[in-house]
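Asks:
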Amino acid sequence: MNRKFPLVSVIVVDYKKNNPYLIECLEAIERQTYKNFEIILICDYRVDLNYPKLRQKSYGHYVGPAEKRDTGAKMAKGEILAFIDDDAYPSKNWMASLVPHFQKAKIAGVGGPGVTPPSISWQEEASGWASASPVGAGPYTYRFLPGKKQYVDDYPSMNLAVRKKDFMEAGGYDSNFWPGEDTKLCLDLTHKLNKKIIYEPKAVVYHHRRPILLSHLKQNGNYGLHRGFFARILPATS
């Protein structure tokens, strides 16, 4: 075990055929300044790709995100699991910013901001602005823009690293709570295992937004509806 440079298993779950953002994501992972990593791609349908550090599993049919991430975690050889969405790509120092926190045994997870990418359409930029505003994000603007370093008890999986040992002990993701499976995992890490999750503002990923107003509103509305139900049955949620 390399304590200073542990192996990181980057887990990418892919949902769409011909995803225009997937190559962008994988190439940005390959360009990381931190070099001890593997990439695990979990997708519904096999994608023909050739990256030296990439392993892939495909199902041949639709599978939910929680099950995909759990599959990736079981395949992972690394001590640290780094989850990122297929429509996001990491800044070059992403892993280098995440890893040092895991030298403290009390840290089970590290999250970072999902910033709207530069050089995008004005529609996507407007969607990103709406998501990151106090109206759209409430007290959680730091999830969309770099904020202050702090402990958190809930963080989305679009940019979340978790110690594999703690992930397995917590039971992984629970597909019964979509789209709250990441909240359920974080609650298990912080309450069941009594560990900490820290927000690291330097661990930036660039997360694409829905460029069409209707799809943006529909996405946020669905999340709000499901998370309201989730908060009712598990009050200790954000």
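Counted from 1, the sequence shown has number 115 at position 96 by the numbering used here; the numbering is strictly sequential.
By construction, the Cβ of each residue, glycine as well, lies at the ideal position given by its N, Cα and C atoms.
Could you give the residue range of the beta strand (DSSP E) that holds residue 76?
Replies: Looking up residue 76 in the sequence shown gives position 57. First-last of the beta strand (DSSP E) with residue 76: 73-77.
Asks: On the criterion of 16 or more Cβ atoms from any shown chain inside 10 Å, does residue 226 qualify as buried, or is it exposed?
Replies: What you label residue 226 is simply residue 207 of the sequence shown in a count that begins at 1. That one is buried.
Asks: Decide if residue 24 is buried, meaning its Cβ has at least 16 other Cβ atoms within 10 Å, or exposed.
Replies: Against the sequence shown, residue 24 aligns to sequence position 5. So residue 24 ends up on the exposed side.
Asks: Return helix, strand or coil for residue 41, following the three-state DSSP convention.
Replies: Translated into the one-based positions of the sequence shown, residue 41 becomes position 22. In this structure, residue 41 counts as helix in the three-state DSSP scheme.
Asks: Under three-state DSSP, which class holds residue 107?
Replies: Within the sequence shown, residue 107 is the residue found at index 88, counting from 1. Residue state, collapsed to three classes: strand.
Asks: Is there a Cβ from chain C that is less than 8 Å from the Cβ of residue 210?
Replies: Note that chain C does not occur in the displayed structure, where there is just one protein chain.
Asks: Give me the Cα-Cα distance between residue 41 and residue 107, rounded to the nearest whole angstrom.
Replies: Position 22 of the sequence shown holds residue 41. Position 88 of the sequence shown holds residue 107. The straight-line gap from Cα to Cα measures roughly 8 Å.
Asks: Is DSSP giving residue 240 helix, strand or coil here?
Replies: Along the sequence shown, read from residue 1 onward, the residue named residue 240 stands at position 221. Since pLDDT at residue 240 reaches only 48, below the 50 mark, its modelled position is unreliable, and the value read off the structure follows with that caveat. Helix.
Asks: Between the region 90-97 and the region 198-206, are three or more C-beta pairs nearer than 8 Å?
Replies: Because the criterion of three Cβ pairs below 8 Å is not met, the region 90-97 and the region 198-206 do not touch.
Asks: Within the chosen definition, does the region 113-125 reach the region 214-223 through at least 3 CB pairs nearer than 8 Å?
Replies: As far as the Cβ criterion goes, the region 113-125 touches the region 214-223, which means the pair count is three or higher.
Asks: Report the residue from 172, 183 and 203 whose alpha carbon sits nearest the alpha carbon of residue 27.
Replies: Position 8 of the sequence shown holds residue 27. Nearest of 172, 183 and 203 to residue 27, Cα basis: 183.
Asks: What residue range does the alpha helix (DSSP H) around residue 179 cover?
Replies: Taking the first residue of the sequence shown as 1, we reach residue 179 at position 160. That residue, residue 179, is in no alpha helix (DSSP H); its beta strand (DSSP E) goes 178-182.
Asks: For residue 35, which residues in the same chain have their Cβ closer than 7 Å to its Cβ, ignoring the five residues on either side in sequence?
Replies: Your numbering for residue 35 matches position 16 in the sequence shown. None.
Asks: My output table needs one value for residue 81: the three-state DSSP class, helix, strand or coil.
Replies: Your numbering for residue 81 matches position 62 in the sequence shown. It is coil, neither helix nor strand.
Asks: Can you give me the C-alpha to C-alpha distance between residue 59 and residue 162, rounded to a whole angstrom?
Replies: Locating residue 59 in the sequence shown gives position 40, where the first residue counts as 1. Locating residue 162 in the sequence shown gives position 143, where the first residue counts as 1. Going by the C-alpha atoms only, they are around 24 Å apart.
Asks: Counting pairs of Cβ atoms below 8 Å between the region 96-104 and the region 164-179, do you hit three or more?
Replies: They touch, by the three-pair rule.
Asks: Counting along the chain, where does the alpha helix (DSSP H) carrying residue 200 start and finish?
Replies: Within the sequence shown, the letter at position 181 stands for residue 200. Its alpha helix (DSSP H) spans residues 200-206.
Asks: With which residues is residue 226 paired in a DSSP beta bridge?
Replies: Taking the first residue of the sequence shown as position 1, residue 226 is located at position 207. According to DSSP, residue 226 bridges with 107.
Asks: What distance in whole Å lies between the Cβ atoms of residue 127 and residue 9, which are believed to be in contact at a cut-off of 8 Å?
Replies: The structure shown does not extend to residue 9, since the chain is modelled only from 20 through 257, so no value can be given for it.
Asks: Give the straight-line distance between the Cα atoms of residue 191 and residue 86, rounded to the nearest whole angstrom.
Replies: As a working note, residue 191 is residue 172 in the sequence shown. As a working note, residue 86 is residue 67 in the sequence shown. Using only the alpha carbons, I get a separation of about 9 Å.
Asks: Since residue 189 and residue 211 are thought to touch, with beta carbons under 8 Å apart, how far apart are those beta carbons, to the nearest angstrom?
Replies: Taking the first residue of the sequence shown as 1, we reach residue 189 at position 170. Taking the first residue of the sequence shown as 1, we reach residue 211 at position 192. Yes, residue 189 and residue 211 are in contact; Cβ-Cβ is about 6 Å, under 8 Å.
Asks: Of all the options 111, 78 and 123, which has the alpha carbon lying nearest to the alpha carbon of residue 8?
Replies: The requested residue 8 is not part of the displayed model; the chain covers only 20 to 257.
Asks: Buried or exposed for residue 132, please, with buried defined as at least 16 other CB atoms from any protein chain shown within 10 angstroms of its CB.
Replies: For the purposes of this step, residue 132 is identified with residue 113 of the sequence shown, where counting begins at 1. By the neighbour-count rule (16 or more Cβ atoms within 10 Å), residue 132 is buried.
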